[in-house]
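J.:
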Ligand SMILES: Nc1ncnc2c1ncn2[C@@H]1O[C@H](COP(=O)(O)OP(=O)(O)OP(=O)(O)O)[C@@H](O)[C@H]1O
Ligand SMILES: [Mg+2]
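In my numbering, the protein residues as written are 404 to 1017.
#1: How far does the beta strand (DSSP E) with residue 700 in it reach, from first residue to last?
#2: Between the segment 437 to 457 and the segment 593 to 612, do at least 3 Cβ pairs fall closer than 8 Å?
#3: For the segment 837 to 856 and the segment 1001 to 1008, state whether three or more C-beta atom pairs, one from each stretch, are separated by less than 8 Å.
#4: Cβ of residue 707 versus every heavy atom of ligand 1: is any distance shorter than 7 Å?
#5: Is any heavy atom of ligand 1 found at a distance shorter than 7 Å from the C-beta of residue 514?
#6: My understanding is that residue 1001 touches residue 855, with C-beta atoms under 8 Å, so please give their C-beta distance in whole angstroms.
#7: Near residue 520, what residues of its chain come up, given a Cβ to Cβ distance below 6 Å and the 5 sequence neighbours on each side ignored?
#8: Do you know how far the Cα of residue 942 is from the Cα of residue 851?
#9: For a minimum of 4 consecutive residues, which ranges assigned as the alpha helix (DSSP H) are wholly contained in the segment 930 to 976?
#10: Count the other CB atoms within 10 Å of the CB of residue 953; is the residue buried (16 or more) or exposed (fewer)?
#11: Does the distance from the C-beta atom of residue 732 to that of residue 688 stay below 8 Å?
#12: Could you tell me the distance, in whole angstroms, from the CA atom of residue 834 to the CA atom of residue 668?
#13: Use the C-beta contact count for residue 567: other C-beta atoms within 10 angstroms, 16 or more gives buried, fewer gives exposed.
#14: Opposite residue 516 in the DSSP bridges: which residues?
#15: In this structure, does DSSP put residue 602 in helix, strand or coil?
#16: With residue 896 and residue 922 assumed to form a contact (beta carbons below 8 Å), what rounded beta-carbon distance in angstroms separates them?
#17: Here's the rule: buried if 16 or more other CB atoms are within 10 angstroms of the residue's CB, otherwise exposed. What is residue 509?
#18: Give the straight-line distance between the Cα atoms of residue 412 and residue 418, rounded to the nearest whole angstrom.
#19: Assuming residue 840 is part of the beta strand (DSSP E), what are its boundary residues?
#20: Assuming the contact rule is C-beta atoms closer than 8 Å, residue 849 and residue 983 should be a hit. Round their C-beta distance to whole Å, please.
#21: At the level of alpha carbons, what is the spacing between residue 630 and residue 710?
#22: Name the residue from 517, 494, 428 whose alpha carbon lies nearest to the alpha carbon of residue 465.
#23: Taking only three categories from DSSP, how would you classify residue 422?
#24: Does the beta-carbon of residue 500, which I'm using as the reference point, lie nearer than 7 Å to any heavy atom of ligand 1?
#25: Hey, is residue 463 close to ligand 1, as in C-beta under 7 Å from one of its heavy atoms?
#26: In angstroms, rounded to a whole number, what distance separates the CA positions of residue 695 and residue 492?
#27: Should residue 946 be labelled buried (16 or more other beta-carbon atoms within 10 Å of its own) or exposed?
#28: Going by beta-carbon coordinates alone, are residue 684 and residue 649 separated by less than 8 Å?
#29: Is the beta carbon of residue 989 within less than 7 Å of some heavy atom of ligand 1?
#30: Per DSSP, what kind of secondary structure is residue 592 in: helix, strand or coil?
#31: With residue 530 and residue 551 assumed to form a contact (beta carbons below 8 Å), what rounded beta-carbon distance in angstroms separates them?
#32: Would you check whether ligand 2 has a heavy atom nearer than 7 Å to the C-beta of residue 423?
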């Protein structure tokens, strides 16, 4: 048999290698920004068209390249950052593999203009799909400008694989945020479709965080600083009460490189363990400085993974330092958590020794039968009740609904008895600020108040999203809300639906919204507009990311979860009446949004059984 092995031509080898380095526009953005940083630039501009699919342009004022270097930089394994193998363990630059430029040039049309400080003229080089197509002297400022056009133009399969512009833009913003956080001393700007998205002046890390995530972050941060013989740690963590339901805002850097590290992330989360519910993620921007000889960054082409010689010690230091910072700011006790459900149960007995349990609103003198007693919450819900359409044609309708969908409901509850309970007795007791209890013919009926209200609100919001008629209640004082650029992009795509829910909201300049009204259904006095909106956004992201719900389902669920009455909320007779009526007018009253039961019955027989001889 004749010999069949051949060396691949460079352009094919480059294209294959490009698959690992450049998966999407965001990866090209990352590589180009890092090159600019390695070149010592203190001003870097990023310009995008079509979420980077049509154009990615990076302009820096760094060292620039000589003519020969400008040509060589597109060759594979061409780098100025590494000379010998040992250098790998003394790496201080972002790049070292010498493959980013070659990879990008293999799958796009690239124009590079660059000039060093001493050269009189710069050079302009054009390269498309790894082929040089032009070179000419050009007048330009010191530094490098690179234009990357039509990414994946020669690899259609890859191009088709790209997501919507909004999704690709989100990836780019993530990369941009990471690089910008790691270098607050550098002046960054980002323009997309001609509009300025970010202008970040040189600043401190704290200011940079505020510029990226919004003014309200100023008060949310706790500084972290720890020097040890193994690592130096610095940065900021978020106060626990501002923890979110999505893990998006967690940034961990090793020697200024953004790293994804589940093990060390765990060390950080563990420090919050006793003060954060499981489904909440704290904000953090943390930097570890470590001797490069103690790590290996050459684990993956994207350089977002790292291996440590002494991982365990780093874990322990990180955990202890974060815990100390939280403790020093003495914020463990009295956390409200946006009245998050069941939080009290998440505190372990160990934690109870040193922290004050969160206060649960509970009125020991509450008498559900005394009509004149009207705690604040009660009034809120009473107003809510009066605004609702008059009781949903009562139990007759309910019965019809049940008849249509008999399966689980019939099993759990005898509706005739329930009817009797509400129509005849119509008196409810609230147990432990948590359950609504009523006597029915065969025993008692117990309703989980929070699950019930979530169900009621969910079905309402879903209906509003369908008919686009969510009533709004004007706020006395319109509130402005400052969002991160990526959240702002997300909201823009949701505005129509958000308005259908009953929000009156409009864009108000860069990354800012004005909320002028909130949905009537949630009742006025209960929740602050900004908080509600932020929570809506957070749970929406979570629902989409983790549960993969549809847009509307996700919005309706998020709203219902955030706006529903919680455990501990004292309810009046009237409020309980409204809630129970509304619950049984729901299409699916028996199931909570988490798939648990909303209503339970305990028959006299079951109760009697408990009194049998032991
Ligand atoms: N903006 C820039 N300014 C000055 N020199 C640059 C710039 N971009 C690239 N270079 C030069 O081109 C070389 C090749 O860049 P490339 O990104 O391909 O490799 P690298 O940065 O060395 O390693 P990696 O592939 O890990 O990024 C760099 O080593 C650097 O010398
Ligand atoms: Mg590079």
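Cβ coordinates follow ideal geometry from the N, Cα and C atoms, glycine included.
T.: Per the coordinate set shown:
#1: Taking the chain shown and counting its residues from 1, the one referred to as residue 700 is at position 297. Looking at the DSSP string, residue 700 is not in any beta strand (DSSP E), and its letter there is neither H nor E.
#2: yes
#3: yes
#4: On the chain shown, residue 707 is found 304 positions in, with the first residue counted as 1. No, the beta carbon of residue 707 sits no closer than 7 Å to any heavy atom of ligand 1.
#5: Here residue 514 is taken as the residue at index 111 of the chain shown, counted from 1. Result no, Cβ not under 7 Å from ligand 1.
#6: Residue 1001 sits at position 598 when you count from the first residue of the chain shown. Residue 855 sits at position 452 when you count from the first residue of the chain shown. At roughly 5 Å, the Cβ-Cβ gap stays under 8 Å, so residue 1001 and residue 855 are in contact.
#7: Counted from its first residue, the chain shown places residue 520 at position 117. Cβ within range, chain order: 545.
#8: Locating residue 851 in the chain shown gives position 448, counting from the first residue. Locating residue 942 in the chain shown gives position 539, counting from the first residue. Taking the straight line from one Cα to the other gives about 22 Å.
#9: 932 to 945, 954 to 966
#10: If you number the chain shown from 1, residue 953 lands on position 550. Exposed, because fewer than 16 other Cβ atoms sit within 10 Å of the Cβ of residue 953.
#11: In the chain shown, residue 732 corresponds to position 329, counting from 1. In the chain shown, residue 688 corresponds to position 285, counting from 1. No, the pair does not count as a contact, with Cβ atoms beyond the cut-off.
#12: Locating residue 834 in the chain shown gives position 431, counting from the first residue. Locating residue 668 in the chain shown gives position 265, counting from the first residue. Answer to the nearest angstrom: the Cα atoms are 40 Å apart.
#13: The residue labelled residue 567 in the question sits at position 164 within the chain shown. It is exposed - the Cβ of residue 567 has fewer than 16 other Cβ atoms within 10 Å.
#14: For the purposes of this step, residue 516 is taken as residue 113 along the chain shown, with counting starting at 1. In the DSSP output, where bridge partners are listed per residue, residue 516 has 527, 548.
#15: Along the chain shown, read from residue 1 onward, the residue named residue 602 stands at position 199. Three-state result, residue 602: strand.
#16: Mapped onto the chain shown, residue 896 falls at position 493. Mapped onto the chain shown, residue 922 falls at position 519. Residue 896 to residue 922, Cβ: 19 Å. No contact.
#17: Within the chain shown, numbered from 1, the residue matching residue 509 stands at position 106. Flag for residue 509 reads buried.
#18: By one-based count along the chain shown, residue 412 stands at place 9. By one-based count along the chain shown, residue 418 stands at place 15. For residue 412 and residue 418, the distance between alpha carbons rounds to 10 Å.
#19: In the chain shown, the residue the question calls residue 840 occupies position 437. Start and end: 838 to 843.
#20: Residue numbering aside, residue 849 sits at position 446 when the chain shown is read from its first letter. Residue numbering aside, residue 983 sits at position 580 when the chain shown is read from its first letter. Incorrect: roughly 11 Å between the Cβ atoms, too far for contact.
#21: As a first step, residue 630 must be located in the chain shown, where it is residue number 227. As a first step, residue 710 must be located in the chain shown, where it is residue number 307. About 21 Å.
#22: Counting from one through the chain shown, the residue named residue 465 turns up at place 62. By alpha-carbon distance to residue 465, the top candidate from 517, 494, 428 is 517.
#23: Position 19 of the chain shown, counted from the first residue, corresponds to residue 422. Helix, per DSSP.
#24: Indexing the chain shown from 1 puts residue 500 at position 97. Yes, Cβ of residue 500 sits closer than 7 Å to a heavy atom of ligand 1.
#25: Walking along the chain shown from the start, residue 463 turns up at place 60. In this structure, residue 463 has its beta carbon less than 7 Å from a heavy atom of ligand 1.
#26: Translated into the one-based positions of the chain shown, residue 695 becomes position 292. Translated into the one-based positions of the chain shown, residue 492 becomes position 89. When rounded, the distance between both Cα atoms is 5 Å.
#27: Counting from one through the chain shown, the residue named residue 946 turns up at place 543. Result: buried.
#28: Numbered from 1 along the chain shown, position 281 holds the residue referred to as residue 684. Numbered from 1 along the chain shown, position 246 holds the residue referred to as residue 649. Yes, Cβ-Cβ distance for residue 684 and residue 649 is below 8 Å.
#29: Position 586 of the chain shown, counted from the start, is the residue given in the question as residue 989. No, since every heavy atom of ligand 1 falls outside the 7 Å radius drawn around the Cβ of residue 989.
#30: Translated into the one-based positions of the chain shown, residue 592 becomes position 189. It is a strand residue.
#31: One-based indexing of the chain shown puts residue 530 at position 127. One-based indexing of the chain shown puts residue 551 at position 148. With a beta-carbon spacing of about 10 Å, residue 530 and residue 551 fall beyond the 8 Å limit used to define contacts.
#32: What you label residue 423 is simply residue 20 of the chain shown in a count that begins at 1. No, Cβ of residue 423 sits at least 7 Å from all heavy atoms of ligand 2.
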